Amino acid sequence: MNQTVYSYRPADCSTRPIIYDQSLCVGCNRCADVCQCDILLPSPVKGEHPVVAYPGECYYCGACVMVCPRKGAIRLQHPLMNRAKFVPVIPRS
Ligand code: SF4
Ligand code: SF4
24 MNQTVYSYRP ADCSTRPIIY DQSLCVGCNR CADVCQCDIL LPSPVKGEHP
74 VVAYPGECYY CGACVMVCPR KGAIRLQHPL MNRAKFVPVI PRS
């Protein structure tokens, strides 16, 4: 049976949007299938988690986390500046 082999050039990126836990992942590739941006590519090694090929293009929709059958196998890590809490500025009288 022929197997599709993906090739890609790793893109430089300052963020790491997807964190995998290989001890929980079963390598089903559902997360890679559901990603509409094709950020995740199936691992060339059977049973291992997908490859985060284009981390800078992730828009943090969370679909990959929601579709995963193994809780904790994949999680989102938002960029630091998106974790800030903005508070209203009260003008001085
Ligand atoms: S959060 Fe959304 S865009 Fe980012 S890798 Fe997951 S499915 Fe793709
Ligand atoms: S959907 Fe979950 S278990 Fe399946 S490959 Fe992705 S992280 Fe691993």
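Be aware that the sequence shown starts at 24, since it is given in our numbering, and climbs by one per residue.
Even for Gly, the Cβ is constructed at its ideal location relative to N, Cα and C.
If you're wondering where the values come from, they're calculated on a predicted model, not measured in any experiment.
CA nearest to the CA of R93, picked from Y43, Y82, I62 and R39: Y43
Own chain partners of P67 with C-beta closer than 7 Å, once the 5 adjacent residues on each side are dropped: V28
Three-state secondary structure assigned by DSSP to L23: Look at the range of the chain in this structure, 24 to 116, and you will see that residue 23 is not part of it.
Straight-line gap, Q59 to V112 (C-alpha atoms, nearest Å): 38 Å
Element boundaries [alpha helix (DSSP H), containing R53]: R53 to V57
Segment limits, alpha helix (DSSP H) that includes A34: That residue, A34, is in no alpha helix (DSSP H); it is neither H nor E in DSSP.
Y43 CB to nearest heavy atom of ligand 2 below 8 Å: yes
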